[in-house]
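Okay, structure first, notes after.
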Amino acid sequence: MAHIGALPKVYRYITAHNDEGKAIFSDKLDEESKMKPNSDGIAFALSYTTKGFPVSLDDDKDITFYEGYLKEAPGLVVPGGTVLRHVDIPPNTACAMHRTVSLDYGAVIEGEIELLLDSGEKRIMKRGDVAIQRGTMHQWINQSKTEWTRMLFVLQESKPLKVAGETFEEELAGMAGVRPSS
19 MAHIGALPKV YRYITAHNDE GKAIFSDKLD EESKMKPNSD GIAFALSYTT KGFPVSLDDD
79 KDITFYEGYL KEAPGLVVPG GTVLRHVDIP PNTACAMHRT VSLDYGAVIE GEIELLLDSG
139 EKRIMKRGDV AIQRGTMHQW INQSKTEWTR MLFVLQESKP LKVAGETFEE ELAGMAGVRP
199 SS
């Protein structure tokens, strides 16, 4: 299933400051946020990461931290930080049912996607719609036979969720190309 050209390239523009304190665009990294397809055809771009709260922007510490993850990608969540990720989902494709230990904002940028919860409840999300994932078991399903879906996710680590005395940990269910967030 070809991904190249299915959706436009993703660019992220990182701002910085010059020696006079004026705003500029950083030239420390390439502006293209490269999409990397997994064996199931779903492609991820790690568009930014941070560590710590509040984030230190002094001396480009945040850019340097992010640059390290461009060499070896994190799990879905960065412990003690945030993740900005673009995800392209091919037509007629579903990711594995999974849970992250995080608060996630997932916005549809292109196409449509079904968000299925482990209870069986589901919503069809269209361009501009946002899901706020709060440590739930869920699955993303592109039901279209021809159209790709692009989503933008912002993930922030959360404390492990406790419901009725049970603590829920990360469950990735063997998601293609995704490693644990430890």
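Sequential numbering of the sequence shown, starting at 19, is according to the numbering used here. C-beta: ideal position from N, C-alpha, C; glycine also.
Which stretch, first to last residue, makes up the beta strand (DSSP E) that contains residue i?
i	result
Leu-170	167–175
Gly-99	99–107
Val-96	Per DSSP, Val-96 belongs to no beta strand (DSSP E) and is neither H nor E.
Ala-288	Past the edges of the chain, shown from 19 to 200, lies residue 288, and the structure says nothing about it.
Lys-40	Taken as a continuous stretch (DSSP letters only), Lys-40 belongs to no beta strand (DSSP E), as it is neither H nor E.
Thr-185	184–186
Glu-49	Neither: Glu-49 is in no beta strand (DSSP E) and is coded neither H nor E.
Ile-131	130–135
What does residue i pair with, by DSSP beta-bridge criteria?
i	result
Pro-55	Ala-61
Leu-202	Since the first residue shown for the chain is 19 and the last is 200, residue 202 is missing from the structure and cannot be characterised.
Ala-191	Partner(s): none; Ala-191 has no beta bridge.
Go to residue i, then tell me how far its alpha helix (DSSP H) extends in each direction, as first and last residue.
i	result
Lys-140	Here Lys-140 belongs to no alpha helix (DSSP H); instead the beta strand (DSSP E) covers 140–144.
Asp-232	This structure does not reach residue 232, given that the chain is present from 19 up to 200, and the question cannot be answered.
How would you call residue i, buried or exposed, if buried means at least 16 neighbouring beta carbons within 10 angstroms?
i	result
Tyr-31	exposed
Tyr-29	exposed
Asn-160	buried
Ala-20	Confidence at Ala-20 is low in this model, with a pLDDT of 49, below 50, so the placement of that residue should be treated as unreliable; the coordinate-derived value is given next. Exposed: under 16 other Cβ atoms inside 10 Å.
Arg-168	buried
Leu-88	exposed
Ser-120	buried
Phe-62	buried
Thr-185	exposed
Pro-92	buried
Asp-37	exposed
Val-73	exposed
Arg-117	buried
Can you check whether the CB of residue j is closer than 8 Å to the CB of residue i?
i	j	result
Met-53	His-104	yes
Val-96	Lys-140	no
Leu-179	Leu-94	no
Gly-59	Pro-108	yes
Thr-67	Phe-43	no
Glu-188	Ser-199	yes
Asp-122	Gln-151	yes
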